[in-house]
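Reading the sequence shown from the start, the letters are residues 131 to 378 in this note's numbering. Glycine included, each C-beta is placed from N, C-alpha and C at the ideal position. Written out below as structure tokens is the structure these notes cover.
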Amino acid sequence: MRYFIKFAYNGTKYHGWQLQPTAISVQEVLTKALNILFNEDFELIGAGRTDAGVHAKIMYAHFDTNCNFDADKMVQKLNSFLPEDVTVLKFFNVNDDAHARFDATSRSYEYHLHTFKNSFLKDLSYYHFKPLDVQKMNEAAQILLQYQDFECFSKTHTDVFTFNCTITQAYWQQNGSQLIFHITANRFLRNMVRAIVGTLINVGLGKISVQDVHQIIQSKNRGNAGFSVPAHGLYLTQVVYPYINETN
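Here it is as structure tokens:
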């Protein structure tokens, strides 16, 4: 039987989601815990990969097992076995051909930054003390919805078949000194969100104009886009599947 596992993690101590030969990853920690509790060797396939230091409020992975188990009890057992920065939320029994990565129809991220020093946001939000024009940043964010080729925001020398992504939502939300950038798309390129945020910050600083964003995207050149903001402000917040109710 195939199961989806829904979980969350604080990525501060991890070298991303994906297994690494010389560094600890979320995939390694979660797979080892499942192997011990089920007494099986699992292959855990995630919805995607997050970079070192990136967090996930919601993440999915799938695995196959011959074991029958009580899903609610297994959530409790697994959480008691896992470190505090990884939390299992739910198990879903799915069709045998369901795939955590390829079946996802959209993904959403948030990028958190704060403009006044806050000791409680360390490792959870990017401290950017210079004042930002949020209105212009939001105007620039809307330009993203007019394009599909985002090679300019992709990590260079990345082995992908296309740089095309369909962005359906992109906006900034401000609450006092705290800012959150929300973005949703059918897929994302490596480093894409962090490069977009860096470019929008440059708009907010007045280093580039709102209209300059058109030229940056059209150039398809990573060197023309903004800096890549630190990983610790980035959160995966939603992954949508046609057969899983979003409220689950």
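{"Query": "Contact set for residue 201: own chain, Cβ-Cβ below 6 Å, skip 5 residues either direction", "Result": "221"}
{"Query": "DSSP bridge partner residues for residue 237 (one or two, in chain order)", "Result": "315 and 369"}
{"Query": "Sequence ranges, beta strand (DSSP E) only - wholly within the region 183–259, length at least 3", "Result": "185–194, 216–224 and 236–244"}
{"Query": "Close-in-space but distant-in-sequence residues of the same chain around residue 270 (CB under 6 Å, 5 per side omitted)", "Result": "330, 333, 340 and 343"}
{"Query": "Contacts around residue 208, its chain only, beta-carbon distance under 8 Å, and the 5 residues preceding and following it disregarded", "Result": "163, 164, 167 and 218"}
{"Query": "Nearest neighbour of residue 308, chosen from 194, 257, 226 and 178 [CA to CA]", "Result": "257"}
{"Query": "Environment of residue 197 [buried if 16+ CB atoms lie within 10 Å]", "Result": "exposed"}
{"Query": "Nearest-angstrom beta carbon gap, residue 296 and residue 325 [assumed within contact, 8 Å]", "Result": "Contact doesn't hold; Cβ gap of about 17 Å is too wide."}
{"Query": "Cβ-based neighbour list, residue 226, same chain, cut-off 6 Å, excluding 5 preceding and 5 following", "Result": "132"}
{"Query": "From 323, 336 and 349, residue whose alpha carbon lies closest to that of residue 366", "Result": "323"}
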